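Chains as they are written, first to last, in the UniProt record's numbering: chain A, 1 to 658; chain B, 1 to 658; chain C, 1 to 658.
The beta-carbon is built from N, C-alpha and C at its ideal position, and this holds for glycine as well.
What you are looking at is a predicted structure, and each value in this text was computed from that prediction instead of being measured.
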């Protein structure tokens, strides 16, 4: 599309034909040009097995087409019809405790149940044949939020796991070696002895658990691929997506998914308990753009106001919906869409906000929906422009899975909180940030951060080494480089994968008791930096330097006097190591040196004001200004001499040429 | 009976015949004239299937009869014998997660298991034939605390649910429409697809859940009715009751039960963690009297001191048992009974207090038991007198069930805490209070409060409208009038059922974050009222007035400046709306105006002193005075010029004629 | 052995032959003379059912033997091989909720599964025949940490429970009487009706639960006995042990186990969340020595630094490992061993510390391991010496099980916290302490404490009475002497078992609300004692004295003015009763009098410094000094005029002759 797409999930099967007509009129009023159709319509499209009724959807296609609204048509396989589960009860998904998950809610079936796989392809093929060449069709939307039921333990799934392992390891002996089954005497002698992670008396082999995560991701990705292949076959000119839940579903390795979609799309919802949710939103949007390799992407779902599935579903403030939307756009989204168009009167999500709320078109929400539509429409020149970032953060779902397994040194040191804090430090320093896989090419970045790289493959470790030795700047966080891809500690020490690069060995993990804290004293040269006493909340390490320089030592904590933060130069490149969790102020002290080494400036902008830039091929800057504070600010847009004033709570878009 | 009944659960099957004789002598000493017999005696009455042994109970009937003690004979169906479960394992109850609940504790079987239903009627019939005409028999006590196992998922129960739905909806299409199955594509095409709320991957259809609650209530009520019908058939002159747990069991809709018993009875236990438990006790007693439509009722169980099933089972203070007992009596109870007569030496409840405690008759508890017996005996003229109330609070189990379903706007706004707070405000203002169903006749009340009417049927909404338009005064609390009987939001807005009556529309729910609060400023005329700054803890709303007058606005919170409390006159009637949760002081400010409009006075009485009045047909006032404070008070009994002095902790009864 | 044994669990099956050779060299460097071998080696020893491969273990035996390292050879039955579960899935253990616990972790099978029992004896016999006469073999190590899976509900186990009950009770009527099945109408008429504690709707009969605990203990002990008997038969000269988890596994009644092992051994791990874990360690070590009837014992496992299975696995401070080790030694251990020799690179415990840590031999941990080896080696004269104690604390697992059953008066009054506090008071007063079973001979002790004797058999009560009447001094804590061996309250009152001995009756339990507290005023004669206002946190009682003298009364609380602490003389013996939980200061006030009566002195030693003494047959004192503080202290060793200085954090050993 050559303008910003704007719209939402549209579920007309909950409404009468009269409402459909009103819907289309209101869509035009609001500037909606894009709707996602049919996500939960399987039961209304395939009345009974093999018997289809497309009449109502035909009508909607015409209605929307006439109104110039483009359609993102879903395959409805996230919610099989009641008849499906009646006919194929064996296809139900099964939870880890072997509870069979029946119908009566959303959530898919067992991904390896043949009946489910066949039924999915039948309805997908039927839809593709019916609508694949309709001029209103802009996009295929496969399934909905894959990963909502991230694993299943049906007999089919358990059997498939064994097959998957045979393909991965070939010989059973290789599996025994990789998993270290000699520990606790679990050596397998026959393939039939290998099993899914079913209930046991104590914890299970972590490498088994990690492979189960990989297998589960692959299983669900296979479901996607099968549907996509049918769509590509029948309507090759229509791009295919599936809506990720990049920040809320930890179970899908979206690096493996990103390569399989024609365009990346994502659903994002604020955590209502976080009054500064705009930072997490920014992280999420940067992550999605990174999954999309920098190309424009689709914000497939967010909310006009509160949601309904959190403990306290805080309504958005006036103006907040626009700021949220434009933050996504400023980070590369070319489409802004909502769940959902019209609030449902019945069912589990009737208290979720919508573009047309229960309160109707006399409401503030509707007014803001229309205003946002107009604002986006006036910014259509930005379509297709790109974001540029000098800093990258490593992000690896496999490492996250491994770190989340049981029996780690401390429950307090989470990869997510570490990454969030390091990201927020960059956000406060007004840096554009990409996320990258640890094995990806890093050469484009001046500075790379590894806040939480617990699992690091040999390839990834080599990649980091090459990056630094080629002049890159790398900051590594605590508990990093500990295990290989099988969750095994390497020979040579706890951080053997990185100890040479960093010039420091981790001799012991020293997590703090819940009520304890520690303190680091910064005694490195540069005396003009901020905080010199850095508080530590949960984690210390016993470090022994080999070739590194000590920048800071523990003043208090389990190993007083010991090194806490180090630096090691490799030619013009540099590698820092931070052995503790730091707060935002502490990170400021550390990053100051890294920015300087990397030649990165910190723009002079007000706190909690965002200035986001996308770059057109012709050099035009498409700028989004967001003011999260309750006062007005006047500022100069970095990289230009353009001055702008932004009111409290306001969001602006503007173009700067030159 | 023509005097206050006094006694308790009597479980002689745990004791020897020598103890029986001692029991009867002690009962006479304590003034006991009423015992509940045989509640858990099935195993001792029906030795094996169809083989009865009544000899021991015959003996007890004679023993008690000779001593002039009236018998409340239980059907023992709350605890089927071990032989029953051995013979009919398929009759076991099944939990929501499909765990089969075996024998070895209390708790009934699957309510739809034919073997259970037959066995219940067999033992009931046998007891009725044996004792139905015995002169000592005063009352039938069906089962025990129905609702302790409030739902069951056996195959019998699941099948019965389908039948129940067919009777309720007739056509499947009607069920689809009522439940809104189009949401998440759950449309049913065959009755066999409809199912009980078994495990699913995400939340289930709320209308299904609500109907399951109704069905479960009906299922258990049917069990009661079947036993009652046998008793009525065989001993038509003996009234039948079953002991409710009106305040602790949220699962039974006692409005539907109240009409099926000949006399209402109830079990009440203090929550030990509440040092002001006397307020909750008062609420409960008022609720039970209301279920009894104002007629005298039976306090079937309470405790002489601590119980055993709470985390910390606080013993009662000296005098507290009497105050508790007389609070029930002052609110309409004509019988005061305990669980249990003599403390069990074995089993799960041996640490529950009793009338004869482990410490024996040398104990303080026994002394107070005897004193209470004497006090009740001297107050027998009060038997049959009635309580009068000008204020009513709406109470509807169906609304409570619906509000407790998952995915509501905030977990913090509970119906129970709202209702408790509004009730306590009335209690502190020394008001007699009834509870009424929202569809019941309200014309007798000067003031009606709806603190938590989330679900309101069209009939109920019409009832409220008629009440106000006829001159009534109605105060409505937040999150009220939201859904119809199928948990569906109405067309026309979030509070469409009440918006015209109240003159205000709810545009958005604005729940607060856990750490946030809000503040309302009262700017209405009457400047002589109390608090003008009303704190809000958990809930605000975005209100838009149509015809209402704004009494107070949000000073701080999600919608500062917006209306918070409104008033709307309809002729001489008035309807107030309170869009937030208020504390007791805040409610005092609001209720002041409502009292004035309704012509209700607030008696000048000391705090935490209760003056309860029952009215005889001849105009005599039977007054109960309770002093919950640690100092003496002298006061004038409202409506009389009678003065009384009550010592710290004391409870008094007195009659005022004229 | 004639020196202190030093070593750890050795799992060479996880390593290559090259590493084995390095291991042995490092063991010699560290002074290791003892390793536990083969604990998880079943899968590597019995390749498939009945097919053995001993070649690799033969090699290790030779290797270790040549190096002079003695072997503690395990039967590997704690982790059956994968082939076992494939062949005998019915032998899997079953959890209380009927979840079947599969392979893929550690944890034994169903203890009553015939296939498991047969397989255990086959591998045990094979090992005994192969190695039973090997000169390097010092000890048999049966299984590992029995009690890790403390109960199982397979069909075999359920059936065995019924048989066990038939043996215990003979007639069903005796079981009905003992369990009090008349309560809640649970009387059994046929043995087939008796069942394991499977899921029920409410709580189960407590006597059933208690017998289930006894049965489960017996079941697992039977597994041990069967293996031991094979070992005794084949290698009668080699002692047999199994490693207890005396303080962390509450499910095994180790008094019944202690008599079945040839030498007591134990595993001990600090609770990382307790910064004063050395007190709990001391308690544990005293308990293990008591299980061993004073004879030297083996510390089979502890850790060189942090573990991996706690929420926050705090690393040990420099010097802490030595202090821990010597505290065990000073309390009677003749062997100090670790889990494990070399840190695993793979599997669930790779983050558990080890003697050879991931950081290798350049690490502080390795250095301290070697230093400790040298220290122990220089103290070999202490081998075989004994500890002497004047004070004993009652300890009874059956009472603990019973007190932990549901529906007790308060969740706050735990036996463990009471016992810990009373123990810590003694520890701070530098007393050597034994633990004794309540039915054991007490005549050797000047003072006996019963901090938490909820369940007390008639025999035990008689034992205490005899002890006091013979001149002993007994202090009894709250909630003691309440029930008999069937969890039944006795006729005659809540504390009937002790009321005559104590001269006081408990009339009511008065637990406090969570936010409340109470206060005792000490008004007994001796005015020179410490605290006179004793705070109470969770528990009071309504006490009525018969023949006792009141030493202290409640100043605040549920029964102000009532007795709180009493004393009653019987000839030269004395019995105190403490009706509340006291803190360490409060106990100091109470114990002062008891010490005086018992003629026990409190040595003048610095706080948090331990002086432990073992006595040789020749009168030599083997003294261990531990300084848990951060400053140096000079002190005189009690009972001698020997003076010593100990540095901050240091541990010393020394011999005092004469």
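Excluding the five sequence neighbours on either side, which residues of its own chain have a C-beta within less than 6 Å of the C-beta of residue i, listed in chain order?
{"i": "residue 306 (chain C)", "result": "313, 314, 315 and 353"}
{"i": "residue 579 (chain B)", "result": "478, 541, 543 and 564"}
{"i": "residue 610 (chain C)", "result": "626"}
With a threshold of 8 Å between beta-carbons, can residue i be considered close to chain C, or not?
{"i": "residue 20 (chain B)", "result": "no"}
{"i": "residue 435 (chain B)", "result": "no"}
Would a check of beta-carbon distances place residue i closer than 8 Å to chain B?
{"i": "residue 202 (chain C)", "result": "yes"}
{"i": "residue 412 (chain C)", "result": "yes"}
{"i": "residue 479 (chain C)", "result": "no"}
{"i": "residue 493 (chain C)", "result": "yes"}
Measure how close the beta-carbons of residue i and residue j come, nearest whole angstrom, since I'm counting them as under 8 Å.
{"i": "residue 246 (chain B)", "j": "residue 287 (chain B)", "result": "5 Å"}
{"i": "residue 455 (chain A)", "j": "residue 396 (chain A)", "result": "7 Å"}
{"i": "residue 410 (chain B)", "j": "residue 539 (chain B)", "result": "6 Å"}
{"i": "residue 86 (chain C)", "j": "residue 193 (chain A)", "result": "5 Å"}
{"i": "residue 452 (chain C)", "j": "residue 481 (chain C)", "result": "Wrong, their Cβ atoms sit about 11 Å apart, outside the cutoff."}
Mind listing the chain C neighbours of residue i? Cutoff is C-beta to C-beta under 8 Å, in chain order.
{"i": "residue 101 (chain B)", "result": "199, 200 and 201"}
What residues of chain B sit near residue i, judged by a beta carbon separation below 8 Å?
{"i": "residue 505 (chain C)", "result": "359"}
Quick one: what's got a C-beta closer than 8 Å to residue i's C-beta in the same chain, skipping five residues either side?
{"i": "residue 23 (chain A)", "result": "10, 12, 15, 341, 342 and 356"}
{"i": "residue 166 (chain C)", "result": "191"}
{"i": "residue 671 (chain A)", "result": "Residue numbering for chain A in the displayed model covers 1 to 658; residue 671 (chain A) lies beyond these limits and cannot be assessed."}
To which residues of the same chain is residue i closer than 7 Å at the C-beta, ignoring the five residues directly before and after it?
{"i": "residue 608 (chain B)", "result": "628 and 629"}
{"i": "residue 178 (chain B)", "result": "169, 207 and 486"}
I'd like to know whether the C-beta of residue i is nearer than 8 Å to at least one C-beta of chain A.
{"i": "residue 278 (chain C)", "result": "no"}
Show which residues of chain A have a CB atom less than 7 Å away from the CB atom of residue i.
{"i": "residue 33 (chain C)", "result": "Per Cβ cutoff of 7 Å: no residues; residue 33 (chain C) is ~25 Å from chain A at best."}
I want to verify the contact list: residues of chain C whose CB lies under 9 Å from the CB of residue i, in sequence order.
{"i": "residue 249 (chain A)", "result": "The premise fails here: residue 249 (chain A) is roughly 25 Å from chain C at the closest Cβ pair, so nothing lies under 9 Å."}
{"i": "residue 207 (chain A)", "result": "346 and 347"}
{"i": "residue 186 (chain A)", "result": "40, 43, 79, 81, 82, 103, 104, 105, 106 and 347"}
Is the CB of residue i under 8 Å away from at least one CB in chain F?
{"i": "residue 350 (chain A)", "result": "Considering every chain present, this structure includes no chain F. Its protein chains are A, B and C."}
Which bits of chain A does residue i rub up against, with CB to CB less than 8 Å?
{"i": "residue 14 (chain C)", "result": "180, 182 and 183"}
Give the interface partners of residue i over in chain B, defined as CB-CB distance under 7 Å, in chain order.
{"i": "residue 408 (chain C)", "result": "351"}
May I ask whether a heavy atom of the ligand FAD can be found less than 7 Å away from the beta carbon of residue i?
{"i": "residue 31 (chain C)", "result": "No copy of the ligand FAD appears in this structure; indeed no ligand is present at all."}
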